[in-house]
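A.B. asks:
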Amino acid sequence: RSRARFKATKHLGKAQTNINALVDKLIPPLIAEEFRDSGPRGSPPSHHYKRATVVQSDLCGFTKLSSEKSPQEVVQFMSDLFGRFDKHADERGVWKVETVGDAYIAGQAEA
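Straight run, no breaks: the sequence shown in our numbering ends on number 103.
1. Between the C-alpha atoms of H80 and F74, what's the straight-line distance to the nearest angstrom?
2. Using a threshold of 8 Å, state whether the C-beta atoms of A95 and V89 are closer than that.
3. Going by the beta-carbon positions, is the gap between V15 and A24 smaller than 8 Å?
4. Bridge partners for A44 per DSSP, in chain order?
5. So, using beta-carbon positions, are S30 and P37 closer together than 8 Å?
6. Can you tell me which residues form a DSSP beta bridge with V89?
7. Beta-carbon within less than 8 Å of E102's beta-carbon, same chain only, minus the 5 sequence neighbours each way: which residues are those?
8. What's the gap between the Cα of T55 and the Cα of D78?
9. Pick helix, strand or coil for D29, following the three-state DSSP scheme.
10. In angstroms with no decimal places, state the Cα-to-Cα distance between F(-2) and I11.
11. In terms of residue numbering, what span does the alpha helix (DSSP H) encompassing R84 cover?
12. Using the Cα positions of K2 and A(-4), report the straight-line distance between them to the nearest angstrom.
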């Protein structure tokens, strides 16, 4: 019985670690911390902003481009391009939300 409890606790710890890693990727750090501090029964954090901007890029002609280049060339191109986006986002205090395929999503809010 205690072995089963040990296994369940270990599994729960791994699941919590995975959840935290996912939250950290999807939510800005300050908001993730507020979620954790509020506990499982707490109210989700709510913020008011004067301005908020969300930007999404989608590369026109990417499917054609990727069909004409080697996989290595496509990966290098995307790495270079998104690396530039990351650099500009960091310089301007913009939070990168996610990249999916050839889409880049970022946002910024002013309290």
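We treat Cβ as the ideally placed atom computed from N, Cα and C, and that holds for glycine.
C.D. replies: Well, looking at it:
1. Along the sequence shown, read from residue 1 onward, the residue named residue 80 stands at position 88. Along the sequence shown, read from residue 1 onward, the residue named residue 74 stands at position 82. Rounded to whole angstroms, H80 to F74 spans 10 Å at the Cα level.
2. In the sequence shown, the residue the question calls residue 95 occupies position 103. In the sequence shown, the residue the question calls residue 89 occupies position 97. Against a cut-off of 8 Å, the Cβ pair of V89 and A95 comes out as no contact.
3. Counted from its first residue, the sequence shown places residue 15 at position 23. Counted from its first residue, the sequence shown places residue 24 at position 32. It is a contact, given that the beta carbons lie within the stated cut-off.
4. If you number the sequence shown from 1, residue 44 lands on position 52. For A44, which the question treats as bridged, DSSP gives the partners A101.
5. To locate residue 30, count along the sequence shown from 1; it is residue 38. To locate residue 37, count along the sequence shown from 1; it is residue 45. Cβ distance < 8 Å, so S30 and P37 count as in contact.
6. Here the question's residue 89 lines up with position 97 in the sequence shown. In DSSP, V89 forms no bridge with anything.
7. The sequence position of residue 102 within the sequence shown is 110, counting from 1. Same-chain partners within the cutoff: Y41, K42, R43, A44.
8. On the sequence shown, position 63 is the one that residue 55 refers to. On the sequence shown, position 86 is the one that residue 78 refers to. Taking the straight line joining both Cα atoms gives about 22 Å.
9. Along the sequence shown, read from residue 1 onward, the residue named residue 29 stands at position 37. Here D29 sits in helix by DSSP.
10. On the sequence shown, position 6 is the one that residue -2 refers to. On the sequence shown, position 19 is the one that residue 11 refers to. When rounded, the distance between both Cα atoms is 20 Å.
11. Position 92 of the sequence shown, counted from the first residue, corresponds to residue 84. Residues 63 to 84.
12. Position 10 of the sequence shown, counted from the first residue, corresponds to residue 2. Position 4 of the sequence shown, counted from the first residue, corresponds to residue -4. C-alpha separation (whole angstroms): 10 Å.
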